Amino acid sequence: MRDLFILLTAILLIAPDSTEAQGLTDVTTSIRDGGGWVAMAIEGGEGSYSSVRLPTLNLKLNGCVTVWDKLSGSWEIEATETVTGTKLLLSAEPGVGVPFSHQFGVQAQVDVSFRWSEPGDTTLLLWVGLTFDADGVDEVCEPRREPPIG
17 MRDLFILLTA
27 ILLIAPDSTE
37 AQGLTDVTTS
47 IRDGGGWVAM
57 AIEGGEGSYS
67 SVRLPTLNLK
77 LNGCVTVWDK
87 LSGSWEIEAT
97 ETVTGTKLLL
107 SAEPGVGVPF
117 SHQFGVQAQV
127 DVSFRWSEPG
137 DTTLLLWVGL
147 TFDADGVDEV
157 CEPRREPPIG
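Counting with my numbering, you get residues 17 to 166 for the letters of the sequence shown.
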């Protein structure tokens with residue numbers, strides 16, 4: 017179950033410079049590039065994102081989510097997949113990759129909230145590494161480039 021939400025969050029958020037929901041062309045570009053950075057505004061220690069419903073066309077993806085190692089504190093990510101009504105709570109630490117693998121259905125839509133252990137304002141930067149190769153997850157856990165801001 018944890019894997020489902022990590023991947024849904026990754027696919028529905030991944031963008032080089034924004035948090036706009038991406039189409040399948042953008043997702044496949046990110047896979048070809050090995051992943052990308054997601055930037056989320058955090059105000060008062062919290063942030064949120066709601067995606068549009070996206071066709072996922074029974075894709076099976078593998079990958080890793082890593083909070084930028086220059087951030088501090090711990091992060092809680094709560095995701096609700098509204099197509100299936102399932103929920104997940106994930107805890108993440110900066111610089112520690114969280115691997116995932118998931119077989120998608122035809123569509124996905126996700127609402128995500130982010131909580132920082134600190135009460136301030138920042139930008140949460142997540143590296144989302146993606147691959148079709150189940151044996152290639154370790155390679156995509158390590159960010160391939162610096163984040164677009166920071």
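Cβ atoms here follow ideal geometry from the backbone N, Cα and C, with glycine treated the same way. Note that the structure is a prediction, hence the values are computed from the model and not measured.
Item: Per-residue burial, Asn-78 [other beta carbons within 10 Å of its own, 16 or more giving buried]; Value: buried
Item: Sufficient close CB pairs (3 or more, under 8 Å) joining the stretch 85-97 to the stretch 125-135; Value: yes
Item: At least three beta-carbon pairs within less than 8 Å, the stretch 141-156 to the stretch 121-129; Value: no
Item: Rounded distance between the beta-carbons of Glu-97 and Val-126, thought under 8 Å; Value: 5 Å
Item: Beta-carbon proximity of Thr-100 to Glu-158, cut-off 9 Å; Value: no
Item: Nearest candidate by alpha-carbon position, reference Lys-76, set Ala-150, Gly-61, Pro-164, Ile-165; Value: Ala-150
Item: For Val-54 and Ala-37, the rounded distance between their alpha carbons; Value: Model confidence at Ala-37 stands at a pLDDT of 42, short of 50, so the residue's coordinates are unreliable and nothing is read from them.
Item: Residue(s) in a DSSP beta bridge with Trp-53; Value: Trp-143
Item: Counted within 10 angstroms of its Cβ, other Cβ atoms place Leu-105 as buried (16 or more) or exposed; Value: exposed
Item: For Val-144 and Gly-52, believed in contact at Cβ under 8 Å, the rounded distance; Value: 6 Å
Item: Inter-residue CB distance, Ile-93 and Val-128 (contact presumed, cutoff 8 Å); Value: 6 Å
Item: Limits of the alpha helix (DSSP H) - the one that Glu-155 falls within; Value: 153-157
Item: Status (buried if at least 16 other CB within 10 Å, exposed otherwise) for Arg-160; Value: exposed
Item: Closest Cα partner of Glu-59 within the set Val-114, Pro-71, Gly-136; Value: Gly-136
Item: Reduced DSSP secondary structure (H/G/I, E/B, other) of Leu-87; Value: coil
Item: Straight-line Cα distance separating Ser-117 from Leu-73; Value: 16 Å
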